[in-house]
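As you go down the protein sequences, you meet chains A and B in turn. Counting from 1, one number per residue, gives the positions in the first sequence under this note's numbering. Counting from 583, one number per residue, gives the positions in the second sequence under this note's numbering. Virtual Cβ for every residue (Gly too), placed ideally from N, Cα, C. For reference, the structure discussed in these notes is given below.
Protein chains: 2
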Amino acid sequence: MRMRTLVGRRYKERPAEATLDSHSLLLRGAYARQVANGIYSLLHPGYRVVRKIEAIIRDEMDRVGGQEVLMPVVLPRELWEETGRYQAVGSELLRFKDRTDHDMVLAMTHEEGVVHLARHEAGSYKQYPFMIYQIQTKFRDEPRSRGGLIRVREFTMKDAYSFHRTAEDLDDYYRECAIAYHRIFARAGIPETAVVRSDSGMMGGKIAHEFMLLTDCGEDSILKCDTCRYIANAEVAEGRIPAFPEDPKELEKIHTPGKKTIEDVTAFLSVPLHQAAKVVFYESDSEGRPVMALIRGDLEVNESKLARLVQRQPVPAEEATIRKTGAVPGYASPMGARDLRVIADPTVGESNNLVTGANEDDYHYRNFNLDRDCPDVEIADIATLREGDGCPRCKGALQMRRGIEVGNIFQLGTRYTESMGMSYLDENGQAHTPIMGCYGIGVGRMMSSVMEARHDKFGPIWPISIAPWEVHINAIKPGEGGVGEVAGKLYDDLREAGLEVIFDDRDERPGVQFADADLLGVPLRFIVGAKSLANGNVEWKIRGTDEKGEVPVEEAAHFARKWVDQAYAEIRAQANAKTEPF
Amino acid sequence: MRMRTLVGRRYKERPAEATLDSHSLLLRGAYARQVANGIYSLLHPGYRVVRKIEAIIRDEMDRVGGQEVLMPVVLPRELWEETGRYQAVGSELLRFKDRTDHDMVLAMTHEEGVVHLARHEAGSYKQYPFMIYQIQTKFRDEPRSRGGLIRVREFTMKDAYSFHRTAEDLDDYYRECAIAYHRIFARAGIPETAVVRSDSGMMGGKIAHEFMLLTDCGEDSILKCDTCRYIANAEVAEGRIPAFPEDPKELEKIHTPGKKTIEDVTAFLSVPLHQAAKVVFYESDSEGRPVMALIRGDLEVNESKLARLVQRQPVPAEEATIRKTGAVPGYASPMGARDLRVIADPTVGESNNLVTGANEDDYHYRNFNLDRDCPDVEIADIATLREGDGCPRCKGALQMRRGIEVGNIFQLGTRYTESMGMSYLDENGQAHTPIMGCYGIGVGRMMSSVMEARHDKFGPIWPISIAPWEVHINAIKPGEGGVGEVAGKLYDDLREAGLEVIFDDRDERPGVQFADADLLGVPLRFIVGAKSLANGNVEWKIRGTDEKGEVPVEEAAHFARKWVDQAYAEIRAQANAKTEPF
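So, in structure tokens, the structure goes:
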């Protein structure tokens, strides 16, 4: 490609709207442009990166036996009715009417689509297991898009769906796919991507993992043991929280006028926060009962954990809901409350003599002991872990990290196949419901993530495997000393050697050319200039390192071919080293 | 690929909904499945064909200097407001509101999108000309989808947009793109595709061409000279229609009670249809005037031609509209009518002494002569040509053909760049508006079209270049005489030789296997069976021909490689022979 006609205005200034470096470079390098909130067009260099990421994904999906298909972006309401998600999913599912007044959605994921596609096509056990995938446009009407392509409304996603006869078979394949994912990230130049246990969210199913690129600007919180391999999304992480056991003392009611918060009442009584049991009310569980979460005063309720227990997204309770249970807002405890579901975090029972509400205005109790005073409540982990809490697997401590989710995998079970009536016949003519797994990667987000992980202040430092081009040529003052001719010949030679080349054939100052080259982030650069050319040489430089040198003009193409091959070999070795799923 | 896990139920019976053979085979061969009216999923074999078509298109677009990008499916209303198409385009443009109540559309074409993308990125004359393209999902809310993937609502399209400084430069590039299109169709195995002059429709611009695959089931009518190279879509075709000149006679009013149609009145008066001038009324032109089309009694009005003249889609007039002009429905003529636009086809003036309405109930005139009786009307070609009418270029006669439009190209001029305020500075710092061309190909429609042009009753006969696989292996009774082992080894050897292979590893009867092989339509087939294997041979067969034979097992991979290479070489030669744009 000659740079003269490359469409895209690159620039120096950090754009005001960019919160992330990758977002800034996405715009400064003319990789992408926003069309509407969370909706982008990709310019040529951006689309080249995306296509290379797609090719890597496709290759690894084919390697684990995937069949590539293409499902529609627009799906009819009926499919989403079958699984109940037409009602269950919020306004991020974009719903509209077509010209015949038929309800349609813009698919944000394709479990419904794939079961619709496969349910009449795989009726014999002989066809199992199989995996179907696609790389395709999706739309999710996000309330807040952010970070360039990190969180957008329209995006390209690889989504894969596997179908199995047994849970064991799914489990085996799930591990195979996890390795394929590690290989994908390694091949895309981010081998440090970690797999973490995660919440399955709106997808359902019990086992789920996310692939996280650990970076300070990530929007997910991850807990990671400083000693063993334990790592999990904060939404599901388990841990050891220190307890404060004492001999139980007698329950004592005390006057605490106007002390409605746990901070106020513990300060008033001069006890530490952890010597209190605090109550957080939510509107209802899936059966409509109000939910009282009981947690130690120094901890917070983890609403993702709670959501799994109550089978819905927890919504803070209205005062009327609280009053109906007999509890008194500001002075609440489980004691005396009725017609509700109480869920107590284990930390409440492991500490003694806590301060808690008396369900009477201006009164609390001292010396609350859960197993004595409320023996029958449901005990479950609903606590948000903190940096320094203990690892659940070893004696280490948990560290808190931030990460960008670049992929996810789910064991879905039969949620979709069952509700949509998919079945196959076994060896004896008996019908069974297939068990599903699903496996997603956001392609554009992955481009932005690599940019976030691999850049300097001048631009991205692309791994060879997903760089928009492999080699960049600068011709400095092309009109002088045969520079233009040599550069042009080098361009031809490099392409002849099978390399992807961007050739800066503009008569621009070196400063402009080099700034643009940095923004395009191509790994290997040749600078053709009169000075080195006088010795028969061209300069070379490796993006993001101090490596540079000169090479005789006639050896440059060979040098480049060798360097690029070596760079790929290193990437391949990193991918081949990925043999452990978790 | 092993066939055991290939998802897709193939079957024998022609599905009731299929009107075209290609539609039937699309479903019978499990290439695609309908999800909703005009919305399809592609199964793996279908998507393989599509991906190969896309690769050919991409290759040829890159060859003419295209920069691949990706624009969004969902666009904001504002962009379509800028060009006026938000209002001008009918309900095939799907409009909806997002969660913040913002008006959005599902893009059916991307002139707005591409000018939005390029308008701030190509401000210098040095960057011109350039071409941007994408291969991407589009949605057009068609009232009537048909023919499998021939006319659908959601589809994948390659759309390209070029930007130029001068009309001459656009014209040169337009010719280059036309050759690229010929090469694409030749490489996809339909070199017979013809380029025809066409209407630019909603796209605007003056010059447009369509690439037509001539087939009886096409929905377009094409007129083609039997002598010279003239060929055009009936919407724009010109031709010589025989005239019937006579010496003008005196105008004579006659009583024609109840004879309201041209057929009735000519029969009543015992004159041929061509000796009448008939009137067709339309609601209005772009300035709101009612339109009277005047045409010879034996001809029909071509509403595409009329639409270009009146700058809007002609809508038949209500009786009230007609009455307001003073014309009398059933007895109308231009004589005495007022406050309207009369457009007369030249054939009316070239014949004499016609019967036409007297604008009075139950009365007509004889001996109407346009230049004498209505000297000032607008004369323009609005006639629908008929098989046998004369070629406009030579003395030949026009033949009527049917065709499927597989591609189109347009010289758009400055319609979009002007309304959206795109400009560049020339050498002297003067601002100019770039001139655009655009170039479309429907990918799924192309798959269906090739299927329509290349099939027998058993299935498609895919050209090697877009076949889902290059080689098909049947193992007949794989459990006997080492058949399974030899077939498995052949499968490995063929893949080792770089070939794409589908291996029927199911223990199915030969009849079932062969029917499935025909439906998959792979060019080269090997049949591994005990009988030929006894002689150390496997059978081979070429789909769609009588060619078959045997080859020693150990030479089969070499044989296949050679055959496939030769098939590609033939395709390439056909493409290279395409050097004339029109």
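**Request:** Find the residues of chain A that neighbour B/ALA704, judging by a C-beta separation of less than 9 Å, and give them in chain order.
**Result:** THR5, VAL7, GLY8 and ARG9
**Request:** Give the secondary structure of A/SER22 by DSSP, where H, G and I count as helix, E and B as strand, and everything else as coil.
**Result:** helix
**Request:** Keeping to the same chain, check which residues put their C-beta closer than 8 Å to that of A/LEU117; ignore five residues upstream and five downstream.
**Result:** VAL69, MET71 and ILE132
**Item:** Integer-rounded CB distance, given that B/LEU657 should sit under 8 Å from B/VAL687
**Value:** Confirmed, Cβ separation roughly 5 Å.
**Prompt:** How many angstroms separate the CA atom of A/GLY113 from the CA atom of A/TYR86?
**Reply:** 13 Å
**Asked** Taking DSSP as the reference, what is the three-state secondary structure of B/MET1002?
**Response** coil
**Prompt:** Hey, A/GLY8 and A/ALA36 are a contact pair by Cβ (cut 8 Å); roughly how many whole angstroms apart?
**Reply:** No, A/GLY8 and A/ALA36 are not in contact; Cβ-Cβ is about 19 Å, not under 8 Å.
**Request:** Measure from the C-beta of B/TYR864 to each C-beta in chain A and report whether the shortest distance is under 8 Å.
**Result:** no
**Beta-carbon proximity of A/GLY403 to A/THR156, cut-off 8 Å** = no
**Request:** Select from A/GLY481, A/GLN430 and A/ARG543 the residue whose C-alpha is nearest the C-alpha of A/HIS472.
**Result:** Closest option to A/HIS472, Cα to Cα, is A/ARG543.
**Asked** Three or more C-beta pairs closer than 8 Å, one from the stretch 962 to 973 of chain B and one from the stretch 933 to 951 of chain B: is that the case here?
**Response** no
**Item:** the stretch 300 to 309 of chain A / the stretch 263 to 272 of chain A touching (three or more Cβ pairs under 8 Å)
**Value:** no
**Proximal chain A residues relative to B/ALA618, where beta-carbon distance stays under 9 Å** = PRO72, VAL74, LEU75, PRO76, GLU78, LEU79, ASP98, HIS102 and MET104
**Message:** Against chain B, with Cβ distances strictly below 8 Å, would A/ILE132 count as a contact?
**Reply:** yes
**Where the stretch 688 to 701 of chain B meets chain A: residues whose CB sits under 8 Å from a CB there** = LEU688, GLY695, HIS698, LEU699 and ALA700
**Message:** Using CA atoms only, rank isn't needed, just tell me which of B/GLU1137, B/SER1047 and B/VAL1120 is closest to B/ALA768.
**Reply:** The shortest C-alpha separation from B/ALA768 is found at B/SER1047.
**Extent of the continuous alpha helix (DSSP H) to which A/PRO346 belongs** = 346 to 350
**Proximal residues to A/TYR365 (C-beta, below 6 Å), its chain only, five neighbours per side dropped** = LEU251, LYS253, THR356 and ALA358
**Request:** With 8 Å as the threshold, decide whether the Cβ of A/SER91 is near any Cβ in chain B.
**Result:** yes
**Request:** Indicate whether at least one CB of chain A lies closer than 8 Å to the CB of B/ILE991.
**Result:** no
**Request:** Going by DSSP, name the residue or residues bridged to A/GLY123.
**Result:** The partner list for A/GLY123 (beta bridge, DSSP) is empty, contrary to what the question assumes.
**Message:** Extract the residue ranges of the beta strand (DSSP E) inside the stretch 655 to 712 of chain B, only unbroken runs of 3 or more that lie entirely within it.
**Reply:** 656 to 658, 676 to 679 and 685 to 688
**Prompt:** If you measure from the beta carbon of A/ILE150 to each beta carbon in chain B, is any gap under 8 Å?
**Reply:** So no, A/ILE150 is outside the interface.
**Message:** Along the stretch 135 to 159 of chain A, where does the CB come closer than 8 Å to a CB of chain B? Name the residues.
**Reply:** GLN136, THR137, PHE139, ASP141, PRO143, ARG153, GLU154 and THR156
**Message:** Using only the alpha-carbon positions, how far apart do A/ASP285 and B/ILE621 sit?
**Reply:** 39 Å
**Message:** Using C-beta distances below 6 Å, list every residue in its chain close to A/VAL291, excluding the 5 sequence neighbours before and after it, in chain order.
**Reply:** TYR282, ASP285, VAL310 and ARG341
**Request:** List the residues of chain B that A/GLU68 touches, going by C-beta distances under 8 Å, in chain order.
**Result:** HIS626, TYR629, ARG630 and ARG633
**Asked** Can you tell me the Cα-Cα spacing of B/GLN895 and A/ARG165, whole angstroms?
**Response** Distance between B/GLN895 and A/ARG165, taken at the CA atoms: about 57 Å.
**Item:** Contacting residues, own chain, Cβ-Cβ under 8 Å from A/TYR568 (five flanking each side not counted)
**Value:** ILE464 and SER465
**Enclosing alpha helix (DSSP H) for A/GLY357 [first to last residue]** = A/GLY357 -> not in any alpha helix (DSSP H); beta strand (DSSP E) instead, spanning 354 to 360.
**Request:** Report whether the distance from the Cβ of A/PHE211 to the nearest heavy atom of the ligand FMN is below 7 Å.
**Result:** Absence of the ligand FMN from the depicted structure is noted, as is the absence of any ligand whatsoever, leaving it without description.
**Request:** Say whether chain B places a C-beta atom closer than 8 Å to the C-beta of A/ARG366.
**Result:** no
**Request:** Run down chain B in chain order and give the residues with a C-beta less than 9 Å from the C-beta of A/LEU494.
**Result:** In chain order: nothing, as chain B lies at least about 17 Å away.
**Message:** Cutting at 8 Å between CB atoms, please list the residues of its own chain near B/ARG871, excluding the five before and the five after it.
**Reply:** ASP921, LEU922 and ARG923
**Message:** Is the beta carbon of A/GLY390 closer than 8 Å to that of A/SER162?
**Reply:** no
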